Amino acid sequence: MFWRGFQVQRRVVGALLIREIYSRFGRETIGFAWLIAEPLVFAIPVLFTWRAIRNPHEHGLPLMPFLWSGYLPILLFRHLGGRALLFIRANATLLYHRRVTIFDVFLGRALLEIGGNLTALLVSFAVFYCIGEMEVPKDLPMFYLGYFYMIWWCVAAAMIIGALSERSEWVEKIWQPYSYLYLMFSGFFYLADWLPLGLRNAALYQPYTQAYEIIRGGIFGTTVRTYGDPLYTAFALAILTVLGLWLMHEARKFLVLE
Amino acid sequence: MISAVDITKDYWTEGRVHRVLSNVSLTVGRGEKVALLGRNGSGKSTLIRLLGRVELPTSGIVEQTMSVSWPIGWAGGVHPILTGNDNMRFIARIYDKPFDELKAYVEDFAELGKFLSEPLRTYSAGMRARFVFALSLAIDFDCYLIDEVMAAGDQRFQRRSHEELFEKRADRSMIVASHVAEIVKSYCSRALILHRGRSKMFTDLDLAFDIYNDL
Chain G
120 MFWRGFQVQR RVVGALLIRE IYSRFGRETI GFAWLIAEPL VFAIPVLFTW
170 RAIRNPHEHG LPLMPFLWSG YLPILLFRHL GGRALLFIRA NATLLYHRRV
220 TIFDVFLGRA LLEIGGNLTA LLVSFAVFYC IGEMEVPKDL PMFYLGYFYM
270 IWWCVAAAMI IGALSERSEW VEKIWQPYSY LYLMFSGFFY LADWLPLGLR
320 NAALYQPYTQ AYEIIRGGIF GTTVRTYGDP LYTAFALAIL TVLGLWLMHE
370 ARKFLVLE
Chain E
-14 MISAVDITKD YWTEGRVHRV LSNVSLTVGR GEKVALLGRN GSGKSTLIRL
36 LGRVELPTSG IVEQTMSVSW PIGWAGGVHP ILTGNDNMRF IARIYDKPFD
86 ELKAYVEDFA ELGKFLSEPL RTYSAGMRAR FVFALSLAID FDCYLIDEVM
136 AAGDQRFQRR SHEELFEKRA DRSMIVASHV AEIVKSYCSR ALILHRGRSK
186 MFTDLDLAFD IYNDL
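Going down the list, the sequences are from chains G and E. In my numbering, each residue's number is its place in the first sequence (first place is 1) plus 119. In terms of my numbering, the second sequence has 3 at position 18, counting the first letter as 1, and numbering is strictly consecutive.
Here you go:
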């Protein structure tokens, strides 16, 4: 029974994934290529521009790995969050098929964004590695764990944002300024170690700042002092995930179809 | 069997509660065909969407022991940006039906020819209805939920769809929202009249139509 349910869900999510690719990128092969290229087209010029206008070292750290590990999670957050706005309404027609739940629709989209982001992460790393701007992360398992937490955070946040946007149009309005402010306070530009004590303790309540700490700890190893706490992060993200799932479940009740 | 027990459905419009259905109950057994009658806005489509579990009732429950189609109507279930073929692929995947089989059936039944490789948004309302109708018939359901769409297409299509739906699938259940007395009287055994959120079941279809015409 459970296994059959799982099979159905896997098929449905697969079908949604393919449908999402078709409807977003068209049916030509360039569409699939664009899925991978899209984050790169954003990331590479931005990273090179920063590289050009700033010192190659920041607080004694090489700038490129720092920006790279900061910017790719930002892309994921903005893509997942931005796409989640009003996603239930936009996909209402899919909900006519009772096998398709909003969780499947969300999962299909999220998998596509995560897949695109991870590919961009890999390709951009390869580019920077080849031109000698980056080295392999010092502590790979730690880096993976940090990036895993980052993906988890983006997924949980997207669920919450997507579900709330169905209830109030304010969420859509606030999203734009919020996603810019997020650049500032998320941990993209800083390590907790650079902050004064009071601010540092406050920042470390944020699960995404935690994830950034763990990612940076993975990249730079013992050359930097990081404050990531994997247990706290997992705990905070689990709470946000439960909240997101509950809000999505509730959002279904608010849905009005044509 | 599909059954709606004591269903109430509210919508919020501009901060006010609008009760579309109030304590409506309906049970349809295997092979039974039931009509929904009511004026525009009386809640026929809402009831069909609730039975199809597309929307959730404010209170009350919907339960079923047979497979139920998605609500077959003018809207819903297909994606306007995707082509007819891609929509068919999607439906084939989620309902686990071989694509070739589904395509052959839809091609034959909807008679859309080369339009199947065009996006659905380029279809006329009639073509779209024919497409959705053909798609849903290509998947095997115990119970079909049909919302108005019976009037779609030209005479030839109507004749063929009656044949497919009421003759070849005479053993299936159907819940049909329709204004067409001819269809209801020749195929349905009961009619549920919806008016101002209330409902009443009639087994005498002539009486049901007399009342419906006076609403």
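Quick reminder that beta carbons are idealized off the backbone N, C-alpha and C, glycines included. Quick caveat, the model's predicted, so the values are computed rather than measured.
Beta strand (DSSP E) runs wholly inside the stretch 16 to 53 of chain E, at least 3 long, in chain order: 18 to 22, 44 to 49
Through-space distance from A119/E to S90/E, alpha-carbon basis: Checking the sequence shown, residue 90/E turns out to be Tyr, not Ser. Each residue's Cα considered, the two are about 7 Å apart.
Chain-ordered neighbours of F75/E on chain G, where CB pairs are closer than 7 Å: Under a criterion of Cβ atoms nearer than 7 Å, the residues of chain G adjacent to F75/E are, in order, A134, R138.
Any alpha helix (DSSP H) of 4 or more consecutive residues that is wholly inside the stretch 258 to 303 of chain G: 259 to 286
Contacts that D81/E makes with chain G (C-beta to C-beta distance below 7 Å): R130
Three-way DSSP call (helix, strand, coil) for N72/E in this model: helix
Near-chain E residues of the stretch 359 to 375 of chain G (beta-carbon distance less than 9 Å), N- to C-terminal order: R371, K372, F373, L374, V375
Closest by C-alpha distance to F196/G, when choosing among Q295/G, R170/G, F222/G: Q295/G
Closer than 7 Å: A176/E CB and nearest the ligand GDP heavy atom: By its list of ligands, the structure shown contains no ligand whatsoever, and the ligand GDP lies outside what it can speak to.
8 Å CB neighbourhood of L35/E in its chain, flanking five on each side removed: A(-11), I(-8), K(-6), L6, L41, P42, V47
Cα-Cα separation, A61/E to F116/E: The sequence given here has Gly at residue 61/E, not Ala. If you draw a straight line from the Cα of G61/E to the Cα of F116/E, it comes to about 12 Å.
Chain E contacts from the stretch 196 to 224 of chain G (Cβ-Cβ distance under 8 Å): A211, T212, L213, L214, Y215, H216, R217, R218, V219
Simplified DSSP state of W55/E, which is helix, strand or coil: coil
Rounded separation between K185/E and I178/E - CA only: 5 Å
Given R113/E as reference, the closest of R78/E, R24/E, N72/E once Cα atoms are compared: N72/E
Which listed residue (A156/G, E332/G, T342/G) has its alpha carbon closest to that of S243/G: Comparing Cα positions, the closest option is A156/G.
Distance between R38/E and P56/E (C-alpha atoms, nearest Å): 9 Å
Inter-residue Cα distance where the pair is P181/G and Y324/G: 27 Å
8 Å Cβ cutoff met for F247/G and V224/G: Judged by their CB atoms, F247/G and V224/G are not nearer to each other than the 8 Å cut-off.
When R335/G, P326/G, R319/G are compared against K257/G, the one with the closest alpha-carbon: Among R335/G, P326/G, R319/G, the Cα nearest to that of K257/G belongs to R335/G.
Whole beta strand (DSSP E) elements within the stretch 87 to 137 of chain E, 3-residue minimum: Listed in chain order, the complete beta strand (DSSP E) runs (minimum 3 residues) inside the stretch 87 to 137 of chain E are 128 to 132.
E17/E to F84/E span [Cα, whole Å]: Each residue's alpha carbon lies about 30 Å from the other.
Y331/G (DSSP reduced to helix, strand or coil): helix
Residue interval of the beta strand (DSSP E) (run including I66/E): Careful: I66/E lies outside any beta strand (DSSP E) and carries neither H nor E.
8 Å Cβ shell around S142/G - same chain, five flanking residues per side excluded: none
Beta-carbon proximity list for L159/G, same chain, < 8 Å, skipping 5 on both sides: A239, V242, S243
Spatial neighbours of E285/G in its chain, beta-carbon cut-off 6 Å, leaving aside the 5 residues before and after: Setting aside the 5 residues that flank it on each side, E285/G is surrounded in the same chain by I207, A370, F373, each with a C-beta closer than 6 Å to its C-beta; the list follows chain order.
Contact between the stretch 202 to 221 of chain G and the stretch 275 to 285 of chain G (3+ Cβ pairs under 8 Å): Touching, yes, given that three or more Cβ pairs across the two stretches are closer than 8 Å.
Residue interval of the alpha helix (DSSP H) (run including H180/E): From DSSP, H180/E is part of no alpha helix (DSSP H) but of the beta strand (DSSP E) over 175 to 180.
Neighbourhood of P326/G by C-beta distance below 6 Å, restricted to the same chain and skipping five residues each side: W272, T352, A355, L356
Residues of the stretch 55 to 69 of chain E whose Cβ lies closer than 7 Å to any Cβ of chain G, in chain order: W55, P56, A60, G61, G62, V63, H64, I66, L67
Proximal chain E residues relative to S142/G, where beta-carbon distance stays under 7 Å: H64, I66, L67
Boundaries of the beta strand (DSSP E) in which V9/E is found, first to last residue: Looking at the DSSP string, the run of the beta strand (DSSP E) that includes V9/E is 1 to 13.
Chain G residues whose Cβ lies nearer than 8 Å to that of G98/E: Per Cβ cutoff of 8 Å: no residues; G98/E is ~20 Å from chain G at best.
R183/E versus N8/E - alpha carbon distance: 7 Å
Per-residue burial, E133/E [other beta carbons within 10 Å of its own, 16 or more giving buried]: buried
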